[in-house]
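Its first residue numbered 1, the sequence shown is counted upward by one per residue in UniProt numbering.
Structure first, then comments.
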Amino acid sequence: AFKAAVLIQRWYRRYVARLEMRRRCTWRIFQSIEYACEQDQIKLHNFFSYLMDNFTPSSSKERDFISRMFISGESFKEAELEKYCDYESLEVPDSYTGPHLSFPLLPDHATALLEAFQQKQQLHARYVLNLLHETRKHLKQLPNISHVSTCYSEEVTVCGDLHGQLDDLFLIFYKNGLPSPSKSYVFNGDFVDRGKQSLEILIILFTFLLIYPKEVHLNRGNHEDHMVNLRYGFLVGLMTTSNCHCKILLNFCSPVPRYGFTKEVMQKYKMHGKKILKMIQNVFCWLPLATLIDQKVLVIHGGVSDTTDLDMLEKIQRNKFISVLRGKKRKESNRNVEIKEINGESQAEPDPAGSETTPGLPSQPRPAQAPSMANRLEFSRWVRQTVQEQIEWCRKLVDISDSEEEELTCSSLVSLTDLNGPCWTRQEEWKQILDILWSDPMPQEGCRENTVRGGGCYFGPDVTRKILEKYNLQFLIRSHECKQEGYEFCHNRKVLTIFSASNYYEIGSNRGAYVKLGPDLVPHFVQYQANKTAHTLTMTQRLMRIHQESAFRALREKLFAHTSALISAFKVYDKDNTGRITLSNWATAVESVLQLGLPWRMLRPQLVRSAADGMLEYRSWLDDLAVEQRSQEHIQSSLLEVIYRNRSNLETIFRIIDRDHSGLISFEEFHQTWKLFSSHMNIELTDDGINDLVRSIDFNKDGNIDFNEFLEAFRLVKQSQ
Numbered sequence: 001a002f003k004a005a006v007l008i009q010r011w012y013r014r015y016v017a018r019l020e021m022r023r024r025c026t027w028r029i030f031q032s033i034e035y036a037c038e039q040d041q042i043k044l045h046n047f048f049s050y051l052m053d054n055f056t057p058s059s060s061k062e063r064d065f066i067s068r069m070f071i072s073g074e075s076f077k078e079a080e081l082e083k084y085c086d087y088e089s090l091e092v093p094d095s096y097t098g099p100h101l102s103f104p105l106l107p108d109h110a111t112a113l114l115e116a117f118q119q120k121q122q123l124h125a126r127y128v129l130n131l132l133h134e135t136r137k138h139l140k141q142l143p144n145i146s147h148v149s150t151c152y153s154e155e156v157t158v159c160g161d162l163h164g165q166l167d168d169l170f171l172i173f174y175k176n177g178l179p180s181p182s183k184s185y186v187f188n189g190d191f192v193d194r195g196k197q198s199l200e201i202l203i204i205l206f207t208f209l210l211i212y213p214k215e216v217h218l219n220r221g222n223h224e225d226h227m228v229n230l231r232y233g234f235l236v237g238l239m240t241t242s243n244c245h246c247k248i249l250l251n252f253c254s255p256v257p258r259y260g261f262t263k264e265v266m267q268k269y270k271m272h273g274k275k276i277l278k279m280i281q282n283v284f285c286w287l288p289l290a291t292l293i294d295q296k297v298l299v300i301h302g303g304v305s306d307t308t309d310l311d312m313l314e315k316i317q318r319n320k321f322i323s324v325l326r327g328k329k330r331k332e333s334n335r336n337v338e339i340k341e342i343n344g345e346s347q348a349e350p351d352p353a354g355s356e357t358t359p360g361l362p363s364q365p366r367p368a369q370a371p372s373m374a375n376r377l378e379f380s381r382w383v384r385q386t387v388q389e390q391i392e393w394c395r396k397l398v399d400i401s402d403s404e405e406e407e408l409t410c411s412s413l414v415s416l417t418d419l420n421g422p423c424w425t426r427q428e429e430w431k432q433i434l435d436i437l438w439s440d441p442m443p444q445e446g447c448r449e450n451t452v453r454g455g456g457c458y459f460g461p462d463v464t465r466k467i468l469e470k471y472n473l474q475f476l477i478r479s480h481e482c483k484q485e486g487y488e489f490c491h492n493r494k495v496l497t498i499f500s501a502s503n504y505y506e507i508g509s510n511r512g513a514y515v516k517l518g519p520d521l522v523p524h525f526v527q528y529q530a531n532k533t534a535h536t537l538t539m540t541q542r543l544m545r546i547h548q549e550s551a552f553r554a555l556r557e558k559l560f561a562h563t564s565a566l567i568s569a570f571k572v573y574d575k576d577n578t579g580r581i582t583l584s585n586w587a588t589a590v591e592s593v594l595q596l597g598l599p600w601r602m603l604r605p606q607l608v609r610s611a612a613d614g615m616l617e618y619r620s621w622l623d624d625l626a627v628e629q630r631s632q633e634h635i636q637s638s639l640l641e642v643i644y645r646n647r648s649n650l651e652t653i654f655r656i657i658d659r660d661h662s663g664l665i666s667f668e669e670f671h672q673t674w675k676l677f678s679s680h681m682n683i684e685l686t687d688d689g690i691n692d693l694v695r696s697i698d699f700n701k702d703g704n705i706d707f708n709e710f711l712e713a714f715r716l717v718k719q720s721q
């Protein structure tokens, strides 16, 4: 009996160990792919920064295009924004059966909204714009760091990422109660993207914020950023190729269907979506950056760094940073120019056309000789006059209206205070916000760049300890990372990660959680699963479902998208061109291409079906991957590979060009786009060549380019290379 018990125990331990190993591998796959997508977003930002620094408009049309693409995203003046998003001009028809709002809001309005959203009803655009208008007015009065006390409400509930999953928010309110004078909440950012009900979550949170301004607190997350909102979401497109004249269904889906917030708003509010998005963009930049509970617990979305300065965070003009991903490189460049000019070091750039200026463009003013620094009043006047001349020239260059002058002047004017302080004040402010929104903790000591996400940093226990000691804090609460149990401690229980979106990667992949803090500041956790199916699955069934149906499907898609690069990497180890490599070399080559940091040798049995004598016929293996990704109709593998690899970037670029979010771009916008991108892609395209291309891809001859036609243009240009 004892021998039997020992055998059973050994078997069970091996079984549990294998399950745990599979769970960790699956989790690693999901996180690696998710963070790789975020890294692509940073790369796309750098791409646009490159274009801004290297593209000189040569005509009024190009100036208009640059203005729309890069500058129109900046904030309106107060009066212009209110005029543009005028909710009073919208009439609510008698046929409307959804909830009605009147201001000031009452608790009954919040209850009506919750019931309406449970029944899949939609709030009228007039009420949405009115709510956003009132929310913006309230947020502008708040400090960068909100202060919450447990002595009034006795308990504060902190929630992490919700990511558009309305069922999780409903479950939190069901378990913990609605916000009230005795029930305070802190929602720690990332309310939107990925889930399909992000807008409903925003409406509910903003409603409670206005009803209970002292009990409800919202922090900004890295997804409260309109550049990030443009990216997330994958299309299901119907594309006609000019070669085979047949329709092909390309399923652009991640393991779980993901929805971009911009796309969601435009689908739900086709007529007024553009106004709603503009207002939301402005509301996001006014969200507070952090919350301090009892002066002892700091709640931030991402993390900290070795340069985090809470005193600086409190003084930053946070609304300047409409997008944390936008304009960093450009701002640095402009700042360098200003400093050089102030020091009398303005450099004349060589003019390829000689002394002649480009027709139609104003000549750049040359600053007068700088007066002596001894006379500070005269020097100050010179600085202001010089900078104002440069602003006026830039405004004419990109044809910016006078209404935007105040916003540009505010961000560009150099005062004596700036001269006496650090040279990179705006850069330092930008880094402060980037770090608290994008950073992650690590077990090692120190602070280093977060290369996995592409933004923020990794901070170690020593960095946490210094921050806590410097500001007399007990511990940090952050979100930003999905955790299997919904929460996780690290850094000797001084950093708590809380994540409130359950079933984030797949049904059964993780629990959601929130944490409650009383006057003693001892955390109490509540975990949940918002999906009923997840409760019926055993641990083995849950792992099998996630492991086989989602994680490896996503990984095979990733491998297929890099077919060409993988072949090149495999050939390095295939010196004799036999078409075969060792499994060890296969693992090394795959990691060198994908750079996901995954244990490829452990994952090999699920990815490589057969390998005789420890050798892999890599071309046959890649052919099998291609067969999995093809639709039933014939489609060129190289086309699929290119689209799989670039689909997110291409969709984001298309959405930026598609200023009115109609799903169409004009021939002129397409022409300017390809002229702009050709320098970066090292493709020589003449005006006639671009015109021929645009005519060839406009399959329905409607004079506009939709996203699928845009993809076809990308394929044709790539093919010509």
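C-beta atoms are modelled at their ideal positions from N, C-alpha and C, and glycine is treated no differently.
As the structure is a prediction and not an experimental result, all values here were calculated from the model.
heavy atom of the ligand SAH below 7 Å from residue i C-beta
i	result
Ile507	You won't find the ligand SAH in this model; it holds no ligand whatsoever.
Residues near residue i by beta carbon distance below 6 Å, same chain, minus five either side
i	result
Gln444	Gly460
Phe321	Ile433
Ser242	Because the pLDDT of Ser242 is 36, which lies under 50, any placement of that residue in the model is unreliable, and the number read from its coordinates should be weighed accordingly. Once the five neighbours on either side are set aside, Ser242 has no close Cβ partner at all.
Asn130	Tyr87
His223	Asp190, Val192, Asp193
Gly579	Glu617, Arg619
Best match in the options for proximity to residue i [C-alpha to C-alpha]
i	options	result
Ile433	Asp311, Tyr12, Ser666, Asn503	Asp311
Gln267	Ala125, Ile581, Cys285, Tyr514	Ala125
Gly303	Lys278, Met271, Asn219, Val593	Asn219
Leu476	Leu105, Glu591, Gly597, Leu292	Leu292
Asp520	Asp225, Asp294, Leu555, Val526	Asp294
Lys175	Leu616, Lys516, Asp688	Lys516
Ile201	Thr150, Leu132, Trp430, Glu488	Leu132
Lys315	Ser146, Val228, Cys482, Asn188	Ser146
Asp556	Asp624, Gly508, Ala569	According to the sequence as given, residue 556 is Arg; it is not Asp. The residue with the shortest Cα to Cα distance from Arg556 is Asp624.
Glu488	Phe525, Ile507, Thr464	Phe525
Gly454	Lys466, Gly446, Asp108, Ser439	Ser439
Close Cβ partners of residue i (< 7 Å) along its chain, the five nearest in sequence each way excluded
i	result
Leu139	Val283, Trp286, Leu287
Arg448	Cys457, Tyr458
Collapsed DSSP secondary structure at residue i in the structure displayed
i	result
Pro143	coil
Ala116	helix
Pro441	strand
Val299	strand
Val156	strand
Val148	strand
Gly454	coil
Val414	Unreliable placement is indicated for Val414, whose pLDDT of 34 sits below 50; the coordinate value is still reported in the next sentence. Three-state result, Val414: coil.
Ile705	strand
Pro523	strand
Glu428	helix
Val398	Bear in mind that a pLDDT of 42 at Val398, under 50, signals an unreliable position, so the model cannot answer this.
Asp161	strand
Glu668	helix
Leu517	strand
Gly233	Confidence in Gly233 is poor, its pLDDT being 45 and thus under 50, which makes the residue's placement too unreliable to answer from.
Ala1	coil
Ala290	strand
Lys494	coil
Ile477	strand
Within 8 Å, strictly: CB atoms of residue i and residue j
i	j	result
Phe208	Ser198	no
Ile300	Ile436	yes
Leu101	Tyr127	yes
Ala530	Glu485	no
Gly260	Ser479	no
Leu622	Thr582	no
Ser502	Asn510	yes
Val593	Leu566	yes
Own chain partners of residue i with C-beta closer than 8 Å, once the 5 adjacent residues on each side are dropped
i	result
Leu468	Gln474, Phe475, Leu476, Lys494
Asn472	Gln295, Lys296
Pro213	His138
At a cut of 8 Å, does the stretch 168-180 reach the stretch 100-119 through at least three beta carbon pairs?
yes
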